[in-house]
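Using mature numbering (1 follows the signal peptide of the UniProt record, and there is no 0), the letters of the sequence shown map in sequence onto residues -19 to -1, 1 to 167.
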Amino acid sequence: MILQHVLALLAAAAPLALAEPQTAAIYIQPISSSTIPPAPLAEITYDPAEASDPTGQVTSFEPPELPESTSLVRIGVFDAAADEWLSSTSVASVDNFSKGYSPHFVLTLGPGAGGEGPVAVIGAAVKGVKVDAGATRDFGPQAVLVSGERAPQPALNRPVVLNKDGAGRAGEVEEKTFLQKALSAS
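Right under this line is the structure:
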């Protein structure tokens, strides 16, 4: 019995142990004009097997060249060959890329296509963090990984069990007030 549980755990962990670092290509597109195609912004390498280290390495970053009239941009994982977004996208202000700010990318990881397969980026976002030269020496872009695990679901449509009087739930004890507790103790 215990051997079966151990084998099941090993089988579930095998894909993670064999997982190699993956690279996500993050693209940017001005929202004001959909005629401008998404352009590469950054490449982030991450290791899905490293659950203890939720950071990725920004292996390349190109500051965006956007029209002056642009105030908002779309950020996400884009497939240029299929001309479609592969992840959910987020909207960010161009101020996140201004002088004095360092872009911090947040990648949400989840199961691959069809809910199975390798871990994939299911969402991407960016936030500009003000650079304080006195507090840090790391001015470059950074990446943080967030696990997109499914939250527990509530159990709905359970029957309500009533007590003998037909009121309240069976097995539940009504809590007494402080005064009731003091009177019953004496």
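Glycine is no exception: its CB is placed at the ideal position from the N, C-alpha and C atoms.
Status (buried if at least 16 other CB within 10 Å, exposed otherwise) for residue i
| i | result |
| --- | --- |
| Thr16 | exposed |
| Gln38 | exposed |
| Thr70 | buried |
| Ala136 | exposed |
| Val58 | buried |
| Val142 | exposed |
| Arg164 | As written in the sequence, residue 164 is Leu, which differs from the Arg given in the question. By the neighbour-count rule (16 or more Cβ atoms within 10 Å), Leu164 is not buried but exposed. |
| Leu53 | exposed |
| Val72 | exposed |
Where residue i falls: helix, strand or coil (DSSP)
| i | result |
| --- | --- |
| Phe120 | coil |
| Phe22 | Before going further, note that residue 22 is Leu rather than Phe in the sequence given. Strand, per DSSP. |
| Ala163 | helix |
| Val75 | helix |
| residue 168 | Lying before the first or after the last residue shown, residue 168 is absent from the chain, which here runs from -19 to 167. |
| Gln134 | coil |
| Arg55 | strand |
| Lys157 | coil |
| Gly37 | strand |
| residue 181 | As shown, the chain starts at -19 and ends at 167. That puts residue 181 outside it, with no answer to give. |
| Thr16 | coil |
| Ala30 | coil |
Identified DSSP bridge partners for residue i
| i | result |
| --- | --- |
| Thr89 | Gly104 and Val127 |
| Phe42 | Ala23 |
| Gly109 | Pro84 |
| Ala62 | DSSP output for Ala62 lists no bridge partner at all. |
Next item on the list: Determine contact between the stretch 5 to 14 and the stretch 42 to 60, defined as no fewer than three beta-carbon pairs at a distance below 8 Å.
Entry: Segments in contact, yes.
Notebook entry, point to check: Just checking, does the stretch 126 to 133 make contact with the stretch 81 to 95 on the three C-beta pairs under 8 Å criterion?
Noted result: By the Cβ criterion, the stretch 126 to 133 is in contact with the stretch 81 to 95, since at least three pairs of Cβ atoms, one from each stretch, lie closer than 8 Å.
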